[in-house]
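Here's the structure, in structure tokens; my notes come after.
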Amino acid sequence: MQLRLYDTLTKEKRPFTPLDPSNVRMYVCGPTVYDFAHIGNARPVIVFDVLFRLLRHIYGADHVTYVRNITDVDDKINDRAARDFPALPLNEAIRKVTELTEKQFHDDVDALGALRPTVEPRATEHIAEMRSIIEKLVQGGFAYVAEDHVLFSPQAMNAENSILPRYGALANRSLDEMIAGARVDVAPYKRDSTDFVLWKPAKPGEPSWPSPSGISVPGRPGWHIECSAMAWKHLGEQFDIHGGGIDLVFPHHENELAQSACAFHSDRMANVWMHNGFLQVESEKMSKSLGNFITIRESLADWPGEVLRLNMLKTHYRSPIDWTAKALEESAKTLDDWYEIAADVKADRPSDAVIDALSDDLNTPQMIAALHGLRNIAASGSDRDRGEFAATLRMLGFLSESAAEWKGRKQQASGVDAKQINDLISNRTAARARKDFKESDRIRDELAAMGVVIKDSKEGTTWEFAR
RNA sequence: GGCCACGUGGCGGAGUGGUUACGCAACGGUCUGCAAAACCGUGCACUCGGGUUCGAUUCCCGACGUGGCCUCCA
Numbered sequence: 004m005q006l007r008l009y010d011t012l013t014k015e016k017r018p019f020t021p022l023d024p025s026n027v028r029m030y031v032c033g034p035t036v037y038d039f040a041h042i043g044n045a046r047p048v049i050v051f052d053v054l055f056r057l058l059r060h061i062y063g064a065d066h067v068t069y070v071r072n073i074t075d076v077d078d079k080i081n082d083r084a085a086r087d088f089p090a091l092p093l094n095e096a097i098r099k100v101t102e103l104t105e106k107q108f109h110d111d112v113d114a115l116g117a118l119r120p121t122v123e124p125r126a127t128e129h130i131a132e133m134r135s136i137i138e139k140l141v142q143g144g145f146a147y148v149a150e151d152h153v154l155f156s157p158q159a160m161n162a163e164n165s166i167l168p169r170y171g172a173l174a175n176r177s178l179d180e181m182i183a184g185a186r187v188d189v190a191p192y193k194r195d196s197t198d199f200v201l202w203k204p205a206k207p208g209e210p211s212w213p214s215p216s217g218i219s220v221p222g223r224p225g226w227h228i229e230c231s232a233m234a235w236k237h238l239g240e241q242f243d244i245h246g247g248g249i250d251l252v253f254p255h256h257e258n259e260l261a262q263s264a265c266a267f268h269s270d271r272m273a274n275v276w277m278h279n280g281f282l283q284v285e286s287e288k289m290s291k292s293l294g295n296f297i298t299i300r301e302s303l304a305d306w307p308g309e310v311l312r313l314n315m316l317k318t319h320y321r322s323p324i325d326w327t328a329k330a331l332e333e334s335a336k337t338l339d340d341w342y343e344i345a346a347d348v349k350a351d352r353p354s355d356a357v358i359d360a361l362s363d364d365l366n367t368p369q370m371i372a373a374l375h376g377l378r379n380i381a382a383s384g385s386d387r388d389r390g391e392f393a394a395t396l397r398m399l400g401f402l403s404e405s406a407a408e409w410k411g412r413k414q415q416a417s418g419v420d421a422k423q424i425n426d427l428i429s430n431r432t433a434a435r436a437r438k439d440f441k442e443s444d445r446i447r448d449e450l451a452a453m454g455v456v457i458k459d460s461k462e463g464t465t466w467e468f469a470r
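In this note's numbering, the protein residues as written are 4 to 470.
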């Protein structure tokens, strides 16, 4: 089935045609590394990992380039560095914060079953590219220097009657609306309220670099220019897919698009703009003030990463998702079942039904329905059926452990001694053999109190942990 | 205030102009000393009001409700 993707810019689902099938290129906005990533940050990581895997399946693993940046220059990083490492010079403190946070982020997303992107560029290593784009924008008349800042002018962009896209097209709003809706104080050096910063002077002690466009004092980049620079360096002037959270549509992606299109005199930056919906926790917006702020790290203490992964995919990526304990329990139960059936099976080839579901704009709920179908066939079918089920799950980033490892996690988490359980079960079996059902039921209750569920079958008694 | 998205059965959640989503829970059955597990089966739906249509949960208009963006945010 032909891959179809929904494009935020044109607001339609349409067939995906790569610019170059031998090198399909995708850029996704990554983390700003100043603290543990939260469960909301996990959504784009998982969603675009699934897309990455699908593209690799369709075009070949060596023919997809996935770039996810790391933003390591930001006020929040500076604040954190000053707070956590007050004794160090700021630059050193910043490096400590970004290195530590980057490691945390990698550990977390690895646990979620996400493949590492092809390239993970850091903003601070692309200052030259940023300066180069800024110079182009100033020379082209789209940006100007004012009080040691460089500002981009959306008005100038829209005044030019050429192939350039209209500023505001991605967020679907006009410049007039933005001017009318401006609610922040406009900096005095801006010509228009809609102008945004490409480069600004650094405060003393902050990380800084030589400025572009003849500005004599050192400075630092604005937020949006980073992504334009990193995408250009690693994917070229135009590429196939640009992704991120829906909250990035405006202003971040609108501005990125404007910068790149104007700098390269291009009608587009990416062919498809994809945005994942927001995540709520137990029907409430996640926020520090509500106290329902959940980090990936905290979630991983309660659930295997694959449970979080499956849970995330139960909802279509563009819809809002309500993150609840109930849903997680359900996901855990589903994975227990899948592990039992397929974890120790030799993988065959992935199922077309699942590829087809994903090819329809990443319809992961449909994909899961297809997985349930494969599961039922595998449970009573041939080794080949189980091989197909296993291969499909592995392609999607599941079944990274053996069935024993998976089961062992729960035992470990419960702190219960396996030998003690087996002894109790032996005693119960003996009691049942002499028809002492009062005693056998007592033992069963005792095990239940430990969170152990008994399963009797013709072959004997097995047990597992209840959730 | 402006812009946008969404409103499906007890819960989660796809999809479709006329025909089964899927999963969890529930209920019935098989099995069992009784249960659990497993397996088989069953029921339950498309916010409201108009319109278009032979026919709308699906298209259009309106109302109500929920969420998002407009400011750092995945």
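Think of the CB as a built atom: it goes at the ideal place given N, C-alpha and C, for glycine as much as any other residue.
Distances from the CA of Arg134 to each of Pro221, Asp363, Ala433, His278 were compared; the closest alpha carbon is that of Pro221. With distances taken between CA atoms, Val310 lies nearest to Leu396 out of Ile97, Cys230, Leu396. The alpha-carbon separation between Phe253 and Tyr170 amounts to approximately 11 Å.
In this structure, the beta-carbon distance from Ile424 to Ala434 does not fall below 8 Å.
In the displayed model, Leu93 falls within a helix according to three-state DSSP. Rounded to whole angstroms, the separation of the alpha carbons of Lys99 and Gln369 is 43 Å. Taking the Cα positions, Leu12 is about 57 Å away from Ala421. With a contact defined as Cβ atoms closer than 8 Å, His237 and Val70 qualify at about 5 Å. Between Val284 and Pro215, the CB-CB gap reaches or exceeds 8 Å. Around the CB of Gln262, 16 or more other CB atoms lie within 10 Å, so the residue is classed as buried.
Under DSSP, Phe468 forms a beta bridge with Val455. Residue pairing for Met277: DSSP places it in a beta bridge opposite Gly246. The beta-carbon separation of Gly390 and Val348, rounded to 6 Å, stays under the 8 Å limit for a contact.
If you check the CB distance, Leu115 and Ile49 come in under 8 Å. A Cβ-Cβ contact shorter than 8 Å links Gly33 with Glu123. Between the beta-carbon of Thr74 and that of Arg28 there is about 20 Å, and that puts the pair past the 8 Å contact cut. Residue ranges of uninterrupted beta strand (DSSP E) with 3 or more members, entirely inside the segment 100-168 and ordered along the chain, are 146-149, 152-155. Annotated as proximal: Asn314 and Ser334, with beta-carbon spacing under 8 Å. Non-local C-beta neighbours of Thr465 in its own chain, meaning closer than 7 Å and more than five positions away in sequence, comprise Lys458, ordered along the chain. When Ile182, Phe51, Ala232, Gly454 are compared, the shortest CA-CA separation from Ser196 is found for Ile182. In this structure the segment 200-211 touches the segment 93-111; the number of beta carbon pairs closer than 8 Å is three or more. Minimum Cα-Cα distance from Ile299 among the listed residues Asn26, Asn44, Leu22 corresponds to Asn44. Contact between Asp359 and Leu8 does not hold, since the beta-carbon distance rounds to 14 Å and is not under 8 Å. If you ignore the 5 residues before and after Tyr342, its C-beta comes within less than 6 Å of the C-beta of Ala406, Trp409, all in its own chain and listed in chain order. For Gln423, the uninterrupted alpha helix (DSSP H) segment begins and ends at 421-436. Per DSSP, Tyr170 lies in no alpha helix (DSSP H) segment and is marked neither H nor E. Ala373 is positioned such that its CB atom lies no closer than 8 Å to that of Ile344.
When DSSP reads this structure, Val31 sits in a beta bridge with Arg71, Gly246. DSSP places Gln369 in the uninterrupted alpha helix (DSSP H) bounded by 367-383. 8 Å or more divides the Cβ of Asn295 from the Cβ of Glu301.
In this structure, the alpha-carbon of Asp426 lies about 16 Å from that of Gln414.
Rounded to the nearest whole angstrom, the C-alpha separation of Val357 and Asp38 is 36 Å. Per DSSP, the beta-bridge partners of Asp363 are Arg7. Around the Cβ of His256, a 10 Å sphere holds 16 or more other Cβ atoms; the residue is buried. A distance below 8 Å between beta-carbons, with the five flanking residues on each side excluded, links Phe440 to the following residues of its chain, in chain order: Ala434.
Annotated as proximal: His60 and Met398, with beta-carbon spacing under 8 Å.
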